[in-house]
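All you need for our numbering is the position in the sequence shown, starting with 1, plus 1.
The beta carbon of each residue, even a glycine, is placed where N, CA and C say it ideally should be.
Predicted model only: the values in this text are computed from it and were never measured.
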Amino acid sequence: DYAVIIEALYEESGDVEIVMEFRMAEALHANFYHNYMRRKSFELHREAVLKLVEKLKRFL
2 DYAVIIEALY
12 EESGDVEIVM
22 EFRMAEALHA
32 NFYHNYMRRK
42 SFELHREAVL
52 KLVEKLKRFL
């Protein structure tokens, strides 16, 4: 499960934003199916997820 991996990365790095950004990614995933976010909220979540992707690349 991705959440378990994110928790491990958080414990390893101490970067609390990793957890928050991952939760925002989960919300974007839910929005894909339910389309409940307004544009401004969607963009906020999108930016957080892009930031998370860059952080995760450093763990590779």
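Item to complete: State the CB to CB distance for the pair residue 49 and residue 27, rounded to an integer number of angstroms; the pair is presumed to be in contact (CB under 8 Å).
Response: The Cβ separation is near 11 Å, so there is no contact.
Discussion item. Using CA atoms only, rank isn't needed, just tell me which of 19, 30, 41 is closest to residue 55.
Written reply: Of the candidates 19, 30, 41, the one whose C-alpha sits nearest the C-alpha of residue 55 is 19.
Worksheet entry | C-alpha distance - residue 9 paired with residue 41, whole-angstrom precision | Straight-line spacing of the CA atoms in residue 9 and residue 41 works out to 31 Å.
Worksheet item: Just how far apart, CA to CA, sit residue 37 and residue 30?
Response: Residue 37 and residue 30 have their C-alpha atoms roughly 11 Å apart.
Worksheet item: Taking residue 4 as the reference, which of 15, 14, 24, 16 has the closest Cα?
Response: Residue 4 has its Cα closest to that of 24, out of 15, 14, 24, 16.
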